[in-house]
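No gaps in the numbering here: position 98 of the sequence shown is 102 in this note's numbering, and each next residue is one more.
For each residue, glycine too, the CB sits at the ideal point set by N, CA and C.
What you are looking at is a predicted structure, and each value in this text was computed from that prediction instead of being measured.
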Amino acid sequence: MSSKESPEKPQHEAGAVTEAARPELEEPKLYKVVLLNDDYTPMDFVVVVLETFFRMSKEMATQIMLHVHTRGKGVCGVFSRQIAETKVNQVNAFSQAHQHPLLCSMEEA
Numbered sequence: 005m006s007s008k009e010s011p012e013k014p015q016h017e018a019g020a021v022t023e024a025a026r027p028e029l030e031e032p033k034l035y036k037v038v039l040l041n042d043d044y045t046p047m048d049f050v051v052v053v054l055e056t057f058f059r060m061s062k063e064m065a066t067q068i069m070l071h072v073h074t075r076g077k078g079v080c081g082v083f084s085r086q087i088a089e090t091k092v093n094q095v096n097a098f099s100q101a102h103q104h105p106l107l108c109s110m111e112e113a
């Protein structure tokens, strides 16, 4: 061993330093939560649902309710899959508990 080489320090090979590639992330898919019109659920109940579960003002909830009433269905919001599923389940359970046939569903946005 020459005097220039020290046994305490390992020798490293010269080379380029590379960064680990970052995985490409995709945006999560979004889902529309949709209310479906029926001929039996009172309009006031639909407004309460929109205010309660979608945190809408009375004015916005009334506009959405009228849209659902005249066009057959209307979008209440756009959310990630888990949140959309939760909202759909909450609205449907709330409607059933109050003996109304109002249905809520979700569609891919």
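- Distance between Thr45 and Lys62, taken at the CA atoms: about 18 Å.
- Counted as a single uninterrupted DSSP element, the beta strand (DSSP E) harbouring Leu40 occupies residues Leu34 to Leu40.
- Contact between the stretch 27-40 and the stretch 67-81 is established, with three or more Cβ pairs separated by less than 8 Å.
- Taking a cut-off of 8 Å for Cβ pairs, the stretch 20-31 and the stretch 91-111 do not touch, as fewer than three such pairs fall below it.
- In the DSSP assignment, Leu107 falls within the unbroken beta strand (DSSP E) covering Leu107 to Glu112.
- In the structure shown, Ser84 falls within a strand segment according to DSSP collapsed to helix, strand and coil.
- Per DSSP, His104 lies in no alpha helix (DSSP H) segment and is marked neither H nor E.
- Ala88 and Phe98 have their alpha carbons spaced roughly 15 Å apart.
- Contact between Glu112 and Lys33 holds, since their C-beta atoms are separated by about 6 Å, short of 8 Å.
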